[in-house]
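Here's the structure, in structure tokens; my notes come after.
Protein chains: 2
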Amino acid sequence: MISLAEENYLKSIYHLSQAGSKSVLTNELAEAMNTKAASVTDMIKKLSTKEFISYEKYYGVNLTAKGKAVALSVIRKHRLWETFLVEKLAFSWDEVHEVAEQLEHIQSKRLIEKLDEYLGFPKVDPHGDPIPDNNGKIKALQQVMLATLKPGADSTIVAVRDSDSHLLKYLDKIGARPGKIIKVIEREEYDGSMEVSINNQRFFLSKEVSENILVNA
Amino acid sequence: MISLAEENYLKSIYHLSQAGSKSVLTNELAEAMNTKAASVTDMIKKLSTKEFISYEKYYGVNLTAKGKAVALSVIRKHRLWETFLVEKLAFSWDEVHEVAEQLEHIQSKRLIEKLDEYLGFPKVDPHGDPIPDNNGKIKALQQVMLATLKPGADSTIVAVRDSDSHLLKYLDKIGARPGKIIKVIEREEYDGSMEVSINNQRFFLSKEVSENILVNA
DNA sequence: ATATTATTTTAGGCTTGTCTAAAATAATAT
DNA sequence: ATATTATTTTAGACAAGCCTAAAATAATAT
Ligand SMILES: [Mn+2]
Ligand SMILES: [Mn+2]
Ligand SMILES: [Mn+2]
Ligand SMILES: [Mn+2]
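If you read the sequences in order, they're chains A and B.
Under our numbering, think of the first position of the first sequence as 4, with each following residue one higher.
Under our numbering, think of the first position of the second sequence as 4, with each following residue one higher.
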């Protein structure tokens, strides 16, 4: 019915449109999918024919309701599997993303329902990302990059970007996990780096890192 | 590295050669793979080039050590996943095969090691089939089709064929599970059907059914 | 030993998903 | 308003995995 490649494209389009309505451009998608613009154009046509996306030549694509449902179903599976790997199989949070990239394509409604139940219907995955429910409803978390906070502010970590395992190892080391309170001590304007405190310990975070930590808005 | 299609071919070749040494013929493989002989010949050439099989034109194929290792690894994954689905997710034994056909292709050594551990290093899957160990060692069970037993004999069920969910539902209903003792009361020579007793209950089994129940030799 | 039949391989073609190079279009700068 | 640059699409090709039809080979029957 729907191929693995198609599912991955739809998922990428969803992420790039940040669940929003702005069109996703060919080159963005090419970069995200680690492929070439020409290949993206080819796939875009197929997805458009199948009505998973609406496509205006030269101006990018948007998910249809149908396409969004597929994307959310894949994301649901991804996040449930990540939760399973961490909670049940004792994986660390930096090891799960790649495996979940494979597991998210397993086709079995029954499996994902049973898995959800087995895990106790979790609301967020190990990185703090919300898990869409069975009907494709996802709770849009009010979140903002740590990088945008001003000195003096303190805030709770909501989620962290999950696809770079080196980043995750580092965040784990400094204790930057969802639920933790993080306080901005100082911020260097010229490079965007900041000093923060987590668990009463101080750390210097590069802009890079502080953009990958999401705190509540 | 190795594709899903290639893995499935190697698994099929393994099963058809019944872990033995007799060559597997093109048409056998075509039937098992639900494909055409011409397609099989194409794939056979690829697998031969990659040295997963030895191939003598017109006389069938045999797994190399390398090919056998791949086949056993896929079978190991299949059976561990089936065990997981039944033991942890409360699937019934007739629902697991199809899902396991997908899960067996997930590539992650770590995942399968963790899963094995999580399941307590099971030796057999829900249908009684032995699970190859991490090194590709598989315990060749001494087993024989129930159909070959003579009246009066009683024997323990070791395994049942796992790929027909209707058969499995039926076997479940009559209590024909691995570990159960089954006794042959009578056998009709003309159609190979037999009357048996399981748990002190009597059943008439067609030849079809009695060939899909494996008992210890 | 030869003819018939069954099996297997080859030839040529199709779809999916990818690529490079060239052409078309849009965006930006002068 | 036009020229330059950046982006996107088209054209043409390729590998994987499948197909049908035809040719080649092996097995079997006479
Ligand atoms: Mn992930
Ligand atoms: Mn995640
Ligand atoms: Mn099975
Ligand atoms: Mn089984």
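By construction, the Cβ of each residue, glycine as well, lies at the ideal position given by its N, Cα and C atoms.
Compare the beta carbon distance of residue i and residue j with 8 Å and say whether it is the shorter of the two.
i                           : j                         : result
aspartate 132 of chain B    : alanine 162 of chain B    : yes
leucine 217 of chain B      : methionine 148 of chain B : yes
serine 196 of chain B       : lysine 183 of chain B     : no
proline 154 of chain B      : arginine 190 of chain B   : yes
isoleucine 16 of chain A    : leucine 28 of chain A     : no
glutamate 98 of chain A     : serine 168 of chain A     : yes
histidine 108 of chain B    : leucine 7 of chain B      : yes
phenylalanine 87 of chain B : glycine 70 of chain B     : no
serine 76 of chain B        : glycine 178 of chain B    : no
leucine 122 of chain A      : glutamate 90 of chain A   : yes
asparagine 219 of chain B   : glutamine 105 of chain B  : no
leucine 13 of chain B       : alanine 35 of chain B     : no
asparagine 30 of chain B    : alanine 41 of chain B     : no
glutamate 85 of chain B     : aspartate 119 of chain B  : no
glycine 92 of chain A       : lysine 80 of chain B      : According to the sequence as given, residue 92 of chain A is leucine; it is not glycine. Contact flag unset, no.
arginine 164 of chain A     : asparagine 215 of chain A : yes
valine 187 of chain A       : alanine 143 of chain A    : no
Does residue i have its Cβ less than 8 Å from a Cβ in chain B?
i                      : result
alanine 103 of chain A : no
serine 111 of chain A  : yes
tyrosine 17 of chain A : no
lysine 80 of chain A   : no
lysine 117 of chain A  : yes
leucine 83 of chain A  : no
leucine 106 of chain A : yes
Based on the DSSP secondary-structure assignment, which residues constitute the bridge partners of residue i?
i                            : result
phenylalanine 206 of chain A : A:Val199
asparagine 219 of chain A    : A:Gln146
isoleucine 56 of chain A     : A:Leu66
Helix, strand or coil: which one does DSSP assign to residue i?
i                        : result
leucine 32 of chain B    : helix
lysine 186 of chain B    : strand
isoleucine 5 of chain B  : coil
asparagine 11 of chain B : helix
serine 26 of chain B     : coil
tyrosine 17 of chain A   : helix
aspartate 45 of chain A  : helix
threonine 38 of chain B  : coil
glutamate 85 of chain B  : helix
glutamate 214 of chain B : coil
glutamate 192 of chain B : coil
So, does the CB of residue i fall closer than 8 Å to a CB anywhere in chain A?
i                       : result
alanine 93 of chain B   : yes
tyrosine 121 of chain B : yes
glutamate 98 of chain B : yes
leucine 171 of chain B  : no
leucine 75 of chain B   : no
leucine 114 of chain B  : yes
Inset, instruction - Quick one: which unbroken beta strand (DSSP E) runs of 3-plus residues sit fully inside the segment 92–179 of chain A? Chain order, please. - result: 146–148 and 157–163
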